[in-house]
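Chemist:
Spelled out as structure tokens, the structure:
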């Protein structure tokens, strides 16, 4: 999916972007909810979504994937993945759940919407991460129904507003700091297909949320709570430590589409994975 961003590359049209989003969402939903045991991919990113000539998407590269069952609340593991896509709770503690994949998928949706990369490789601060840039822009766009400041300008407004509203709402819900407030992948599939109300993305979400109707669609607006604002600072601090640990010995690749690397912020034991059972 590397062709979304990059100078000199042809512009991917809106229909192809939506097809990629829906196809990869269906693939992840299958891994999370229909496989036995369930599979957490652990490295969802643009480079790991393969597309054919019809822009049908396939989730690829299961080298970091973990198996889990309903008997476990999460899997504790060494932090591995790709900078810019890591969920905050996973980056901070190594606790891995399906919702970690959902966050990464949300970053990928932002790439499809904006045409931007997850991080600016020339800037070593967290100020220019795609997620942090997008959050206030999404809030404004969902308030007034105007997506012009969010959407890839190369699309030149050649998209269907209702479809854009659905994808923006899915991205916004997927990148919530609180893992439990992120939707399941099956909910995202239904929302992208237009088979459910976007309020379905908020199922289980409580504090700090309200709904509003725009001129194009019923879109869910999320307002960060005080706790989540604290989480933002903690996440950025963790990411700064993260970046310092991999530099200069591992200079950040100029493209986020490079090989997956292990960052090793935490090592819980000599074994890589420790499942945590439900009590």
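Residue numbers (this note's numbering): 8 to 286.
Cβ coordinates follow ideal geometry from the N, Cα and C atoms, glycine included.
Starting from residue 32, trace the alpha helix (DSSP H) in both directions and tell me its first and last residue.
Modeler: Run containing residue 32: 21-36, per the alpha helix (DSSP H) assignment.
Chemist: Using 8 Å for Cβ pairs, my map puts residue 1 next to residue 137. What's the rounded Cβ distance?
Modeler: For the chain, the structure presents residues 8 to 286; residue 1 sits outside this window and is missing.
Chemist: CA-CA distance, residue 177 and residue 206?
Modeler: 10 Å
Chemist: So, helix, strand or coil for residue 189, using DSSP?
Modeler: coil
Chemist: Given a threshold of 16 other Cβ atoms within 10 Å of its Cβ, counted over all protein chains shown, does residue 285 qualify as buried or as exposed?
Modeler: Because residue 285 carries a pLDDT of 44, less than 50, the predicted location of this residue cannot be relied on, and the following value inherits that uncertainty. Its Cβ having fewer than 16 others within 10 Å, residue 285 is exposed.
Chemist: Between which two residues does the alpha helix (DSSP H) harbouring residue 161 extend?
Modeler: From DSSP, residue 161 is part of no alpha helix (DSSP H); its letter is neither H nor E.
Chemist: Count the C-beta pairs between the stretch 171-188 and the stretch 139-146 that are closer than 8 Å, then say yes if the count reaches three, no if not.
Modeler: The stretch 171-188 vs the stretch 139-146: in contact.
Chemist: In the structure shown, what three-state DSSP assignment does residue 231 receive?
Modeler: Reliability fails at residue 231, whose pLDDT of 43 lies under 50, so the model's placement of it is uncertain and no value is given.
Chemist: Closest to residue 66 by C-alpha separation, out of 54, 73, 85, 23, would be which residue?
Modeler: 54
Chemist: In this structure, what does DSSP give as the bridge partners for residue 45?
Modeler: 75
Chemist: Could you give the distance in angstroms between the alpha-carbon of residue 111 and the alpha-carbon of residue 160?
Modeler: Taking the straight line joining both Cα atoms gives about 23 Å.
Chemist: Let me check understanding here. Comparing Cα to Cα, which of 120, 86, 58 lies closest to residue 34?
Modeler: 58
Chemist: Identify, in the order they occur along the chain, each residue of the same chain with its Cβ nearer than 6 Å to the Cβ of residue 123, setting aside the five sequence neighbours on each side.
Modeler: 137
Chemist: Starting from the Cα of residue 75, find the closest Cα among 46, 51, 91 and give me that residue.
Modeler: 46
Chemist: When burial is assigned at 16 or more other CB atoms within 10 Å of the CB, is residue 113 buried or exposed?
Modeler: buried
Chemist: Round the Cβ separation of residue 120 and residue 64 to the nearest angstrom and send it over; I've been treating them as touching at under 8 Å.
Modeler: No, residue 120 and residue 64 are not in contact; Cβ-Cβ is about 15 Å, not under 8 Å.
Chemist: Note down the Cα distance separating residue 164 from residue 154, rounded to an integer number of angstroms.
Modeler: 9 Å
Chemist: Ends of the beta strand (DSSP E) at residue 126?
Modeler: Taken as a continuous stretch (DSSP letters only), residue 126 belongs to no beta strand (DSSP E), as it is neither H nor E.
Chemist: Quick one: Cα of residue 69 to Cα of residue 189, how far?
Modeler: 23 Å
Chemist: Going by C-alpha distance, which of 105, 30, 198 is nearest residue 72?
Modeler: Among 105, 30, 198, the Cα nearest to that of residue 72 is on 105.
Chemist: By the 10 Å Cβ neighbour count, where 16 or more other Cβ atoms means buried, how is residue 92 classified, buried or exposed?
Modeler: By the neighbour-count rule (16 or more Cβ atoms within 10 Å), residue 92 is buried.
Chemist: In terms of residues, what are the limits of the alpha helix (DSSP H) holding residue 137?
Modeler: 137-151
Chemist: For residue 57, which of helix, strand or coil comes out of DSSP?
Modeler: Residue state for residue 57 is assigned as strand, using DSSP reduced to three classes.
Chemist: Exposed or buried, which one is residue 218 when buried takes at least 16 other CB atoms within 10 Å?
Modeler: Confidence in residue 218 is poor, its pLDDT being 32 and thus under 50, which makes the residue's placement too unreliable to answer from.
Chemist: Is residue 18 helix, strand or coil by DSSP?
Modeler: Residue state, collapsed to three classes: coil.
Chemist: Please classify residue 52 as buried or exposed, where buried requires at least 16 neighbouring CB atoms within 10 angstroms.
Modeler: buried
Chemist: Please determine, among 109, 201, 169, the residue with the shortest C-alpha to C-alpha distance to residue 48.
Modeler: 109
Chemist: Considering only residues of the same chain and omitting the five flanking positions on each side of residue 171, which have a CB-CB separation below 7 Å?
Modeler: 154, 158
Chemist: Could you round the C-beta distance between residue 126 and residue 149 to whole angstroms and report it? I think they count as a contact, below 8 Å.
Modeler: That belief does not hold up - the Cβ atoms of residue 126 and residue 149 are roughly 24 Å apart, past 8 Å.
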